[in-house]
Amino acid sequence: METAADRALDRTYPVRPWVGVGVVVVRDGKVLLIQRGRDPGRGLWAVPGGMVDLGETCEEAARREAKEETGLDVEVGEVFWAGEYIGRDAQGRVDYHNVLVDYLAQAPDGDPVSGDDAMDVRWFGPDDLDDVQLTASMWQLLEKLFGQSYAHR
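Encoded structure:
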């Protein structure tokens with residue numbers, strides 16, 4: 000039998016919003032993206048990130064997620080992007096509600112290595128994105144970062 004505690008850990012039909020972070024890691028005019036190894040969005044490219052754990056600050060979560068997914072210890076900076084994503088099923092019930100905060104971050108020297116739930120990790124410049132599969136919100140984030148339009152995507 001499902002308990003209230005079980006429902007609190009389920010991301011579908013949540014009892015409250017889930018809070019997640021993204022890490023916009025930049026170096027030499029490029030951004031670090033991971034290719035997601037799990038759903039949601041398996042195979043899509045995104046900034047490293049994930050859910051905030053209980054008792055963890057958003058900045059701590061950003062550092063942890065960057066380390067888990069890229070192997071890099073990053074210096075987390077200011078908030079770069081924030082968004083709220085709410086989905087409803089056919090009956091109008093909220094089936095997901097995520098609040099996401101993306102931080103700018105600097106990476107030290109060193110090569111990223113995909114880990115945790117990342118299938119791949121690579122640096123991308125503003126003109127390296129022609130064949131990259133991203134969500135609409137990730138395209139918007141990259142437009143803001145690089146100051147150019149990717150409307151043709």
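Read in order, the letters of the sequence shown correspond to residues 0 to 152 in numbering that gives the first Met the number 0.
Yeah, the Cβ is synthetic: ideal placement off N, Cα and C, and Gly gets one too.
What you are looking at is a predicted structure, and each value in this text was computed from that prediction instead of being measured.
Item                                                                                                   : Value
N- and C-terminal bounds of the beta strand (DSSP E) containing R26                                    : 17-26
Test item: CB-CB of A61 and V93 under 7 Å                                                              : no
Whole runs of the beta strand (DSSP E) within the region 90-125, excluding any shorter than 3 residues : 93-105, 117-123
Cα-Cα separation, I85 to Y95                                                                           : 6 Å
T69 beta carbon less than 7 Å from that of P153                                                        : Lying outside 0 to 152, the shown extent of the chain, residue 153 is not represented and no answer is given.
Spatially closest choice to V23 from P13, A150, E142, R15, by CA coordinates                           : E142
Where Q147 sits in the DSSP three-state scheme                                                         : coil
Distance between Q139 and A150 (C-alpha atoms, nearest Å)                                              : 9 Å
Length of the line joining the Cα atoms of D119 and L32                                                : 8 Å
Distance CB(E77)-CB(L99) smaller than 7 Å                                                              : no
Closest residue to E43 among D130, R26, G146, L144 (Cα-Cα distance)                                    : Before going further, note that residue 43 is Leu rather than Glu in the sequence given. Per the Cα distances, D130.
Status (buried if at least 16 other CB within 10 Å, exposed otherwise) for Y88                         : As written in the sequence, residue 88 is Asp, which differs from the Tyr given in the question. Flag for D88 reads exposed.
Contact set for S148: own chain, Cβ-Cβ below 7 Å, skip 5 residues either direction                     : E142
Beta bridge counterpart(s) of K29 as assigned by DSSP                                                  : R26
Sequence-distant residues of its chain with Cβ nearer than 7 Å to D115 (five each side left out)       : E67, E68
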